[in-house]
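Chemist: Got a structure for you, questions after.
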Amino acid sequence: MTPPPPTRRPATTPGGQASPGSVPGPPSGGPEAPDHPSLRGRGGGRAGDRVFLGLSRGAGILLLIVIAAIAGFLLYRGINAIKVDQGNFLTTAGWDPNGLKPVFGVAALVVGTVLSSIVAMVIAVPVGVGVALFISHYAPRRLAQLLGWVVDLLAAVPSVVYGLWGTLFLVPKMMGIHTWLGSYLGWVPVFNQSQPGAYPRTLFTAGVVLAIMVLPIITAMSREVFLQTPRAHEEAALALGATRWEMIRTAVLPFGRPGVISGSMLALGRALGETMAVAMVISQGFNVTLHLLDPGTSTTIAANIANGFGEASRPVGVDALIASGLVLFVITLIVNGIARWIVARRKEFAGSAA
Amino acid sequence: MSAAELTQDDFPREAAVPVRRLTQRRLPRWAPWLFLVVAAAVGSGIGAAAGLKSHLQWGLIAAAVFVVGQWAVSASVEGRRRATDRLALSLVGASFLLALVPLVAVLAYTISKGAGKLNGYFLTHSMNGVSALDNTGGVYHALIGTLEQVGIATLISVPVALLTAVYLVEYGRGKLAKAITFFVDVMTGIPSIVAGLFILSFWLLTLGFNYSGFAGALALAILMMPVVVRSTEDMLRLVPDELREASLALGVPRWRTILKVVLPTALSGITTGVMLAIARVAGETAPVLLLVFGNDRINNDPFSGPQSSLPLFVFEEYGKGNTFSTERAWAGALLLIIIVMLMNVAARVLARLKAPKNSR
Amino acid sequence: MAKRIDVDNLDAYYGKTKAVSGISMTVEPRSVTAFIGPSGCGKSTFLRTLNRMHEVIPGARVDGRVLLDDEDLYAPQVDPVAVRRTVGMVFQRPNPFPTMSVYENVAAGLKLNGVRKADLDDVVEKSLRGANLWEEVKGRLKKPGAGLSGGQQQRLCIARAIAVEPAVLLMDEPCSALDPISTLAIEDLMGSLKERFTIVIVTHNMQQAARVSDRTAFFNLEGPGRPGTLIEMDATEKIFSNPGVKDTEDYISGRFG
Numbered sequence: 056m057t058p059p060p061p062t063r064r065p066a067t068t069p070g071g072q073a074s075p076g077s078v079p080g081p082p083s084g085g086p087e088a089p090d091h092p093s094l095r096g097r098g099g100g101r102a103g104d105r106v107f108l109g110l111s112r113g114a115g116i117l118l119l120i121v122i123a124a125i126a127g128f129l130l131y132r133g134i135n136a137i138k139v140d141q142g143n144f145l146t147t148a149g150w151d152p153n154g155l156k157p158v159f160g161v162a163a164l165v166v167g168t169v170l171s172s173i174v175a176m177v178i179a180v181p182v183g184v185g186v187a188l189f190i191s192h193y194a195p196r197r198l199a200q201l202l203g204w205v206v207d208l209l210a211a212v213p214s215v216v217y218g219l220w221g222t223l224f225l226v227p228k229m230m231g232i233h234t235w236l237g238s239y240l241g242w243v244p245v246f247n248q249s250q251p252g253a254y255p256r257t258l259f260t261a262g263v264v265l266a267i268m269v270l271p272i273i274t275a276m277s278r279e280v281f282l283q284t285p286r287a288h289e290e291a292a293l294a295l296g297a298t299r300w301e302m303i304r305t306a307v308l309p310f311g312r313p314g315v316i317s318g319s320m321l322a323l324g325r326a327l328g329e330t331m332a333v334a335m336v337i338s339q340g341f342n343v344t345l346h347l348l349d350p351g352t353s354t355t356i357a358a359n360i361a362n363g364f365g366e367a368s369r370p371v372g373v374d375a376l377i378a379s380g381l382v383l384f385v386i387t388l389i390v391n392g393i394a395r396w397i398v399a400r401r402k403e404f405a406g407s408a409a
Numbered sequence: 005m006s007a008a009e010l011t012q013d014d015f016p017r018e019a020a021v022p023v024r025r026l027t028q029r030r031l032p033r034w035a036p037w038l039f040l041v042v043a044a045a046v047g048s049g050i051g052a053a054a055g056l057k058s059h060l061q062w063g064l065i066a067a068a069v070f071v072v073g074q075w076a077v078s079a080s081v082e083g084r085r086r087a088t089d090r091l092a093l094s095l096v097g098a099s100f101l102l103a104l105v106p107l108v109a110v111l112a113y114t115i116s117k118g119a120g121k122l123n124g125y126f127l128t129h130s131m132n133g134v135s136a137l138d139n140t141g142g143v144y145h146a147l148i149g150t151l152e153q154v155g156i157a158t159l160i161s162v163p164v165a166l167l168t169a170v171y172l173v174e175y176g177r178g179k180l181a182k183a184i185t186f187f188v189d190v191m192t193g194i195p196s197i198v199a200g201l202f203i204l205s206f207w208l209l210t211l212g213f214n215y216s217g218f219a220g221a222l223a224l225a226i227l228m229m230p231v232v233v234r235s236t237e238d239m240l241r242l243v244p245d246e247l248r249e250a251s252l253a254l255g256v257p258r259w260r261t262i263l264k265v266v267l268p269t270a271l272s273g274i275t276t277g278v279m280l281a282i283a284r285v286a287g288e289t290a291p292v293l294l295l296v297f298g299n300d301r302i303n304n305d306p307f308s309g310p311q312s313s314l315p316l317f318v319f320e321e322y323g324k325g326n327t328f329s330t331e332r333a334w335a336g337a338l339l340l341i342i343i344v345m346l347m348n349v350a351a352r353v354l355a356r357l358k359a360p361k362n363s364r
Numbered sequence: 012m013a014k015r016i017d018v019d020n021l022d023a024y025y026g027k028t029k030a031v032s033g034i035s036m037t038v039e040p041r042s043v044t045a046f047i048g049p050s051g052c053g054k055s056t057f058l059r060t061l062n063r064m065h066e067v068i069p070g071a072r073v074d075g076r077v078l079l080d081d082e083d084l085y086a087p088q089v090d091p092v093a094v095r096r097t098v099g100m101v102f103q104r105p106n107p108f109p110t111m112s113v114y115e116n117v118a119a120g121l122k123l124n125g126v127r128k129a130d131l132d133d134v135v136e137k138s139l140r141g142a143n144l145w146e147e148v149k150g151r152l153k154k155p156g157a158g159l160s161g162g163q164q165q166r167l168c169i170a171r172a173i174a175v176e177p178a179v180l181l182m183d184e185p186c187s188a189l190d191p192i193s194t195l196a197i198e199d200l201m202g203s204l205k206e207r208f209t210i211v212i213v214t215h216n217m218q219q220a221a222r223v224s225d226r227t228a229f230f231n232l233e234g235p236g237r238p239g240t241l242i243e244m245d246a247t248e249k250i251f252s253n254p255g256v257k258d259t260e261d262y263i264s265g266r267f268g
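Protein chains in written order, with my numbering: chain A, 56 to 409; chain B, 5 to 364; chain C, 12 to 268.
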């Protein structure tokens, strides 16, 4: 089952050849300094080495098994639920798995999950990149280091704290902006308010909380790449007569783009899967709706699992939640896959450089 | 997009490359401060005149006046390029302030709400027999739960993650290593609730075990593993090959080289990574909610019966929705922040003190 | 377009450390002036004060005057951005923008300085020809600039710098990262560029200074632990055959540095 061992093992028989005092230097593949495939790849020779290699390879394989098991078990329990579902699991909007005739589907949940994450990204990406630029290219160096630290620490605040703060502090404060958006931009479908003045425990507020939560992720990763912009490129731009902003646009942003993208995608993955903050902030419902400003119409997959678990029936109710979790799993896999693909593609272009 | 379009009118059309004089008309150094004062005045003026209650709105008006006003004045005096440069500066500065406000607000509000309740009594009592309406009770049982669950998760995940990282760096070539690297990435992206659902369907539903701290720890371990693999991998790659060669050249077998030379060299970096991972999972609520279930009483045995945990305590107390329970939720949240932040700061200080010299 | 540079009693600092002290000199237009001297004597620092690139480094500052045809670069109303556009620079290591094609690299400065799109093709071709690079790259203008060889990259950077038609071209050891053949190509190029620009080149290579420059300035430290300064400046032949100062002779004959 295991693929062939990592390197062409030297032809020496493991164990037998371990004559004492034999130089451990690789017989083949001598002096290539920068990379030592032969140096790293040698596992055979002594019993201890074989045991250690076995252990470490076993750990890696265990990790693969865990991933496979996650997919497998979610699929297995999820299919159980989908089999007894009286509605279409993918297109049904309601969520009623606990009765005698379970009818449930992820349509509304997926829409809610995606919408709240889009709101979060629309807010967090520009602001996060701005903060990163401020720290990397505008703030004085000492201050910048301190700020970088603070942002890193804020990334560590647990989501349940953001949830608590979101519902008790932020939600009341969001009233004004809901009214404002609803009355001035109500003609845009997403800002249409069907119940003006309703307490704003909405997808929009959830999106704002998510934005605050993922902002440090975007900032940290963008700042890291912005700081790595080669000084030579910045100076080249300045020497051509670029202003600071033009220098950033010609040298820093193109160089940092892959980092910004992968940071944003990581943040998106986090926003899609965030559970507690959304569960605490939002007032949930199960309609397929684009109305960000209406409470009680929508929720996200993860929040629904947390809120619905307490009263979920066994086994169908719980299995239904697991099935929705599988959908979330697939969505986050796709997002992460896209991120990696983008970064890899950019790397190729830049790689042809050196 | 192009500065070409923005500025071409400023220059004679004949020359392909416009001539620029060295001396440009420029706004004085104090101009931004003047704009700031004017904008603040205009903002509060409009705000007061229109009777806007929220001072946030005053600030937003002032910010808009500042950005637009400075851009317009600068464009007419200094030209579009300078104006754009100033605009970028004010937008970057504004985004920074905008980001700082909520992040500071979270900390400040939690401290102001939670500090009063966070005392010795709170730390040393459980919620056994305390109703939502009582002004007593504490977090002791949840602390025990968090400690045990995170501890077990660490014990499970760290050895596996360390060995995996060693495999990837020291032995790993070929398909298996590539697959592991890829799936570690995949695992990093798994939402915590999905990890919780997996253990739920595997450990509880399929194997038939009951809610327990251990079940929660299994999920936390899944969340920790990829993080630790990643950070350990990075640290091991920083260990110079010369060290490995030197040891191997002395006839030390490979596995002893790794144990005695490579790992100790990278130890502080690895520890930092582990501590950051612990800090992250200590705040996880979702999997605990599904697997540990919650318990008002002290349960010291992580292997049998429901437990509580600090984040779960916060969630439950919030859910009860009474004055005193909400106070307990805030105090719990503050305690959680303190613990997580301390771990973070400690990890970073350690990393800085013992940073390998060739880290860049 | 080429302009004369007059430097009057210039000091340059990094934070509190004085790196260059009391330099006065005149650089003639339409000529090549070489700066030579041992490492760390402030040649490059001084060069960077001539287009206000020195102050880009945090904490760095300059005292004194640099006149470009009677206009002081450090006068309060002067815009450093305009200075750098008028005084171009080529760096030690070729530094084309890695995400841009050959064409975009040359056009980068033009776009910033407001050249109309319609004129861009012309100016790019003219600049590449001016840098003796057109024949080699005309078929791959859309390929990444960083894909060229080191010598070609450096000429690409020269094309990028001359595209905005500066008055002065500063070159900070432009050949130190290149092989002998590429070096020769760039030295040839300097001969033709000096018809249009004032050229200042910092070099470690004394043969190079002797080959390409009309005038040579010798820099050295004022003393151990002291800032660098200008020791003497004269016609290149004079400096290399009959220098006025003993230190210069010692350096040129290889007795130190």
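Every residue gets a Cβ at the ideal spot worked out from N, C-alpha and C, and that includes glycine.
Report all residues from its chain with a CB closer than 7 Å to the CB of A:S77; omit the five preceding and five following residues, and keep chain order.
Modeler: Here residue 77 of chain A refers to the residue found at position 22 of the first sequence. With a pLDDT of only 37 at A:S77, under the threshold of 50, the placement of this residue in the model should not be trusted; the figure read from the coordinates follows. There are no such residues.
Chemist: Output, in sequence order along the chain, the residues in the stretch 82-115 of chain C whose CB is closer than 8 Å to any CB in chain B.
Modeler: Here the close residues are E82, L84, A86, Q88, V89, D90, V92, A93, V94, R96, T97.
Chemist: Which whole-angstrom value is the C-beta distance of B:P268 and B:I156, which I expect to be below 8 Å?
Modeler: As a working note, residue 268 of chain B is residue 264 in the second sequence. As a working note, residue 156 of chain B is residue 152 in the second sequence. With a Cβ gap of about 26 Å, B:P268 and B:I156 do not count as contacting.
Chemist: With 9 Å as the C-beta to C-beta threshold (strictly closer), list the residues of the stretch 325-346 of chain A near chain B in chain order.
Modeler: Cβ contacts with chain B: R325, L327, G328, E329, T330, M331, A334, M335.
Chemist: At what residues does the alpha helix (DSSP H) containing B:A52 begin and finish?
Modeler: Counted from its first residue, the second sequence places residue 52 of chain B at position 48. It spans 35-54 - the alpha helix (DSSP H) in which B:A52 sits, taken as one unbroken run.
Chemist: So what does C:V38 bridge to, in DSSP terms?
Modeler: The residue given as residue 38 of chain C occupies position 27 in the third sequence. C:I16.
Chemist: Should B:N304 be labelled buried (16 or more other beta-carbon atoms within 10 Å of its own) or exposed?
Modeler: Counted from its first residue, the second sequence places residue 304 of chain B at position 300. By the neighbour-count rule (16 or more Cβ atoms within 10 Å), B:N304 is not buried but exposed.
Chemist: Grouping DSSP H, G and I as helix and E and B as strand, with all else coil, what is C:R76?
Modeler: As a first step, residue 76 of chain C is located in the third sequence; it is residue number 65 there, counting from the start. Looking at C:R76 - three-state DSSP - the assignment turns out to be strand.
Chemist: What is the residue span of the beta strand (DSSP E) that C:E243 lies within?
Modeler: Your numbering for residue 243 of chain C matches position 232 in the third sequence. That run of the beta strand (DSSP E) goes 239-246.
Chemist: When the Cβ atoms of the stretch 305-322 of chain A are set against those of the stretch 243-262 of chain A, are three or more pairs found closer than 8 Å?
Modeler: No: fewer than three Cβ pairs fall under 8 Å.
Chemist: Looking at the strands, I want to know which residues DSSP matches up with C:K29.
Modeler: What you label residue 29 of chain C is simply residue 18 of the third sequence in a count that begins at 1. Answer is C:Y24, bridged to C:K29.
Chemist: Could you tell me whether the Cβ of C:L232 comes closer than 9 Å to any Cβ of chain B?
Modeler: The sequence position of residue 232 of chain C within the third sequence is 221, counting from 1. Chain B contact via Cβ: absent.
Chemist: To be precise: take each residue of the stretch 181-209 of chain A, compare its Cβ to all Cβ atoms of chain C, and keep it if any distance is under 9 Å. Which residues remain?
Modeler: Taking 9 Å as the Cβ-Cβ cut-off against chain C, the residues of the stretch 181-209 of chain A that qualify are P195, R196.
Chemist: When you compare only the Cα positions, how much space is there between C:N143 and C:E206?
Modeler: Residue 143 of chain C sits at position 132 when you count from the first residue of the third sequence. Residue 206 of chain C sits at position 195 when you count from the first residue of the third sequence. One C-alpha to the other measures close to 15 Å.
Chemist: Note down, one range per segment and in chain order, each alpha helix (DSSP H) of at least 4 residues found wholly within the stretch 255-308 of chain A.
Modeler: Those alpha helix (DSSP H) runs which fall completely within the stretch 255-308 of chain A and span 4+ residues are 258-282, 286-294, 299-302.
Chemist: In whole angstroms, what separates the C-alpha of B:S308 from that of B:L295?
Modeler: Taking the second sequence and counting its residues from 1, one reaches residue 308 of chain B at position 304. Taking the second sequence and counting its residues from 1, one reaches residue 295 of chain B at position 291. Each residue's Cα considered, the two are about 12 Å apart.
Chemist: Where does the unbroken alpha helix (DSSP H) through B:F317 begin, and where does it stop?
Modeler: Position 313 of the second sequence, counted from the start, is the residue given in the question as residue 317 of chain B. Unbroken alpha helix (DSSP H) run through B:F317: 314-324.
Chemist: Applying a beta-carbon distance threshold of less than 9 Å, which residues of chain C neighbour A:H288?
Modeler: Translated into positions along the first sequence, residue 288 of chain A becomes position 233. The answer, in chain order, is N106, P107, F108, P109.
Chemist: Provide the residue span of the alpha helix (DSSP H) that contains A:F128, from first to last.
Modeler: Here residue 128 of chain A refers to the residue found at position 73 when the first sequence is read from its first residue. Its alpha helix (DSSP H) spans residues 102-139.
Chemist: Apply the 10 Å Cβ neighbour rule to B:T128 and answer buried if 16 or more other Cβ atoms are within range, or exposed otherwise.
Modeler: Mapped onto the second sequence, residue 128 of chain B falls at position 124. It is exposed - the Cβ of B:T128 has fewer than 16 other Cβ atoms within 10 Å.
Chemist: Which residue from C:P109, C:A228, C:E146, C:M100 puts its Cα closest to that of C:M217?
Modeler: As a first step, residue 217 of chain C is located in the third sequence; it is residue number 206 there, counting from the start. Out of C:P109, C:A228, C:E146, C:M100, C:A228 has the C-alpha closest to the C-alpha of C:M217.
Chemist: Can you pull the DSSP bridge partners for C:P155?
Modeler: If you number the third sequence from 1, residue 155 of chain C lands on position 144. In DSSP, C:P155 forms a bridge with C:S112.
Chemist: Does the CB of C:V67 have a neighbour CB from chain A at under 9 Å?
Modeler: Position 56 of the third sequence, counted from the start, is the residue given in the question as residue 67 of chain C. With 9 Å as the cut-off, C:V67 counts as an interface residue toward chain A.
Chemist: Drop a sphere of 10 angstroms on the beta-carbon of A:E289, count the other beta-carbons inside from all chains shown, and report buried for 16 or more, exposed for fewer.
Modeler: Residue 289 of chain A sits at position 234 when you count from the first residue of the first sequence. Answer is buried; the Cβ neighbour count reaches 16.
Chemist: Using the beta-carbon count (16 or more within 10 Å), is C:A30 buried or exposed?
Modeler: Numbered from 1 along the third sequence, position 19 holds the residue referred to as residue 30 of chain C. With 16 or more other Cβ atoms within 10 Å, it is buried.
Chemist: In chain order, what residues of the same chain have a beta carbon less than 7 Å from the beta carbon of B:S161, not counting five sequence neighbours either side?
Modeler: Stepping through the second sequence from its first residue, residue 161 of chain B is reached at position 157. Once the five neighbours on either side are set aside, the close Cβ partners of B:S161 are A225, M228, M229, V232.
Chemist: Measuring only the C-alpha atoms, how far is A:A261 from A:I267?
Modeler: Residue mapping note: residue 261 of chain A aligns to position 206 of the first sequence, counting from 1. Residue mapping note: residue 267 of chain A aligns to position 212 of the first sequence, counting from 1. About 10 Å.
Chemist: Within a Cβ cutoff of 7 Å, which residues of the same chain sit near A:V269, ignoring the five residues on either side of it in sequence?
Modeler: Position 214 of the first sequence, counted from the first residue, corresponds to residue 269 of chain A. Excluding sequence neighbours, A:V269 sits near A175, A179, A322, R325, A326.
Chemist: Quick check: the Cα distance between B:V285 and C:Y25, rounded to an integer number of angstroms?
Modeler: Here residue 285 of chain B refers to the residue found at position 281 of the second sequence. Here residue 25 of chain C refers to the residue found at position 14 of the third sequence. Near 46 Å, if we compare the C-alpha coordinates of C:Y25 and B:V285.
Chemist: Pick from A:V158, A:V371, A:V373, A:G328: whose alpha carbon is nearest that of A:I386?
Modeler: Walking along the first sequence from the start, residue 386 of chain A turns up at place 331. Nearest C-alpha to A:I386: A:G328.
Chemist: For the candidate residues B:A199, B:A45, B:V292, whose alpha-carbon lies nearest to that of B:A66?
Modeler: Sequence index remark: in the second sequence, residue 66 of chain B carries index 62 (1-based). The shortest C-alpha separation from B:A66 is found at B:A45.
Chemist: Could you tell me whether the Cβ atoms of C:S193 and C:G161 are closer together than 9 Å?
Modeler: Sequence index remark: in the third sequence, residue 193 of chain C carries index 182 (1-based). Sequence index remark: in the third sequence, residue 161 of chain C carries index 150 (1-based). Contact: yes.
Chemist: Going by beta carbon distance, what residues of the same chain come within less than 6 Å of A:P195, once the five residues before and after it are set aside?
Modeler: Start at 1 with the first residue of the first sequence, and residue 195 of chain A comes out as number 140. Excluding residues within five positions, none has a Cβ falling inside 6 Å.
Chemist: Does the beta carbon of B:L26 come closer than 9 Å to any beta carbon on chain C?
Modeler: Your numbering for residue 26 of chain B matches position 22 in the second sequence. Taking Cβ atoms only, chain C reaches closer than 9 Å to B:L26, which makes this a yes.
Chemist: For C:L232, report the span of its beta strand (DSSP E) as first-last.
Modeler: By 1-based counting over the third sequence, the position of residue 232 of chain C is 221. Taken as a continuous stretch (DSSP letters only), the beta strand (DSSP E) holding C:L232 covers 226-232.
Chemist: Please confirm if A:G113 has its CB atom under 9 Å from at least one CB of chain B.
Modeler: Position 58 of the first sequence, counting from 1, holds the residue named residue 113 of chain A. Yes, because at least one Cβ of chain B sits closer than 9 Å to the Cβ of A:G113.
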